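Q: My structure is below; once you've seen it, I'll send some questions.
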Amino acid sequence: MTQALSLQAVSHCFDSAEALQDVSLQVAPGECVALLGPSGAGKSTLLALLDGRVRGWRGRAEVLGNRLPNDRAPERKTRLETGFIFQEFALVDRQSVYQNAINGRLGRMRLWPSLWGRYSAQDHLKTAIALEDTGLTELAQRRADQLSGGQRQRVAIARCLAQEPQLILADEPVSNLDPAHAERILELITNAAQNRGIAVVFSSHQPELSRRFAGRIVGLRAGAVLFDKPSAMVGNDDIRNLYHGTAPGDGLRVVG
Amino acid sequence: MSRILVWIALGLAVLWAAGNADIGLDKLPGAGPRLTEFLGRMMPPDFSVWPEVLTGLAETLRIAILGTLFAVVLSAGLAVLASETLVPSAIWRPVRALLAVIRSIPLILVAMLMVGAVGLGPLPGILAITFHATGMLAKFYAEAIDNVGAAPLAALESAGASRAQLLRWAIWPQMAPVVLRDTVFRFELNLRESLILGIVGAGGIGLYVQTYVRSFQYDKAATVTLAIIALVLLSEGLNAILQKRFS
């Protein structure tokens, strides 16, 4: 069975600073993995890379069985199989909740009907299901800029689900939300992924939430994997080490 | 210290402006009765000229509508070239400079040049409005393009949307209200400014203003003035309603 994603010795630097150092990682279909680490650990870079938005990295990466190119954007066909949930929601403010959600269908539509907004019955059905799953059916006609933070994040999730991805990547999906909303949103993402049998990788700097919602935790520090184990086996020492210890290969390394 | 210098400079500027005998401040005491007499001759307004006034207003409105339309078309193209996000600075800098030069030429001057170029009538008025309005509208449109939020774009691109789809569903929805608001605002300005174009022979109601004032028919000039006030208030009211809808 092909892995949902597979990284082998992936490195990347911004200017001279090393953002990712020799990262290797496998995620199986249906698995739920948390990327845990302090700010600047490389979590966002890693997720953006998996989404095909980073250029010039080294190593080998496969997402859903497709080799990821490091010098250009991936094919649209493969991009739409990976759903991405942004930290800052990334909604079109003046559009309705429904329009924002159905925007997730664009990649699956032919150009001409999509420009005129002529969606198929299938597009409407998938959007309606996504809104139902995220509890937004009542708010479908509300404009996105008239929603609370938690509701906006749910719209972003609905858009991602309407896209029918085979893998969900979520970059700090709850860091802009209060604790009560944070739990509900993570539950929503992980449940939706589980029901659809697809893998989800989310990043977080909150150990408790990661342990509760992910089956496996990958600790990132200074761009390198510090540990990679099932959530139940992540101890307080691991967490302390992750946030306060020194990372392997700390300091600048000259790379030819 | 520097604040005192500013005040001294301002004081000197006012003294220089006022310290010239040619202003004829001695005429000021007699101005009150003269103004009263002048206004008295406008009363009562002679409404018998309303067919001419209506024709003039209609022509002014046509000049404003067509001038705005052509300015919108030109601005759409120029805005792309003046956008910091879409083209390199080697292109948008000179284009923005050109637009600034266009804006700095007063409309009445452009109108006089156009009358010289294409003769009397509404055509030079339309050309003048088009030219003058493009300087402002293209800059506003370019700013609307540059102010589009990047995050929704990245999100839809990540979901597999093509460039044309991004333009339609991520860029346009964000800039449409700004473009509509700017266009309506510019139309109102065009209407106000085209009212005086007739004075230099570039068509519209201005011709009647000039004719009646020059021939001392102040009662007829009063009718024209009232009609202009009504039109401007009307367009301002419409603009206010539209602005509210586009917010």
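Chains as they are written, first to last, in my numbering: chain X, 1 to 256; chain P, 257 to 503.
The C-beta atom is built at its ideal place from N, Cα and C for all residues, glycine as well.
Treat the numbers as computed from the prediction; the structure is a model and nothing was measured.
Give a yes or no on contact between the region 355-373 of chain P and the region 466-473 of chain P, applying the rule of three or more CB pairs nearer than 8 Å.
A: no
Q: Secondary structure at proline 207 of chain X, three-state DSSP: helix, strand or coil?
A: helix
Q: When the cut-off is 9 Å and only beta carbons count, does proline 350 of chain P lie next to chain X?
A: no
Q: Alpha carbon to alpha carbon, how far is asparagine 100 of chain X from valine 309 of chain P?
A: 51 Å
Q: Identify every residue that forms a DSSP beta bridge with glutamate 62 of chain X.
A: X:Ser6, X:Arg67
Q: Below 8 Å CB to CB, which residues in the same chain sit around valine 155 of chain X once its five sequence neighbours on both sides are set aside?
A: Phe89, Leu91, Val97, Asn100, Ala101, Thr134, Leu136, Ala144, Leu147
Q: Report, in whole angstroms, the separation of the C-beta atoms of leucine 412 of chain P and alanine 426 of chain P, which I expect to be a contact under 8 Å.
A: About 5 Å; that satisfies the 8 Å criterion.
Q: When the distance is taken between beta carbons, is glycine 56 of chain X closer than 9 Å to glycine 219 of chain X?
A: no
Q: Where does lysine 77 of chain X land, buried or exposed, given buried means 16+ other C-beta within 10 angstroms?
A: exposed
Q: Less than 9 Å between the beta carbons of alanine 458 of chain P and methionine 392 of chain P, yes or no?
A: Not in contact: alanine 458 of chain P and methionine 392 of chain P (Cβ atoms no closer than 9 Å).
Q: With 8 Å as the limit, tell me which residues of the region 167-178 of chain X have their beta carbon closer than that to any beta carbon of chain P; keep them in chain order.
A: Correct list: empty, as no residue qualifies.
Q: Please identify the residue among X:Ala34, X:Glu31, X:Thr45, X:Leu5 whose C-alpha is closest to the C-alpha of glutamate 18 of chain X.
A: X:Thr45
Q: Which of helix, strand or coil does DSSP assign to proline 429 of chain P?
A: helix
Q: Do you know how far the Cα of alanine 420 of chain P is from the Cα of proline 378 of chain P?
A: Roughly 39 Å between the two C-alpha positions.
Q: Assess contact between the region 159-171 of chain X and the region 221-239 of chain X, defined as three or more Cβ pairs (one per stretch) separated by less than 8 Å. Is contact present?
A: no
Q: So, using beta-carbon positions, are alanine 9 of chain X and arginine 60 of chain X closer together than 9 Å?
A: Against a cut-off of 9 Å, the Cβ pair of arginine 60 of chain X and alanine 9 of chain X comes out as a contact.
Q: Residue range of the alpha helix (DSSP H) that arginine 265 of chain X falls in?
A: Residue numbering for chain X in the displayed model covers 1 to 256; residue 265 of chain X lies beyond these limits and cannot be assessed.
Q: Taking the straight line between their C-alpha atoms, what separation do you get for glycine 381 of chain P and isoleucine 461 of chain P?
A: 11 Å
Q: Mind listing which residues of the region 393-426 of chain P have their C-beta closer than 7 Å to chain X's C-betas, in chain order?
A: Ala407, Pro408, Ala410, Ala411, Leu412, Ser414, Ala415, Gly416, Ala417, Ser418, Ala420, Gln421, Arg424, Trp425, Ala426
Q: Checking 9 Å against the spacing of the C-beta atoms, do valine 33 of chain X and alanine 140 of chain X come in under that value?
A: no
Q: Might you give, ordered along the chain, the residues of its own chain that have their beta carbon closer than 8 Å to the beta carbon of leucine 409 of chain P, omitting 5 neighbours on each side?
A: Contacts found: Leu422, Ala426, Ile427.
Q: Near phenylalanine 294 of chain P, what residues of its chain come up, given a Cβ to Cβ distance below 8 Å and the 5 sequence neighbours on each side ignored?
A: Tyr474
Q: Using 9 Å as the threshold, is the C-beta distance between alanine 4 of chain X and leucine 64 of chain X below it?
A: yes
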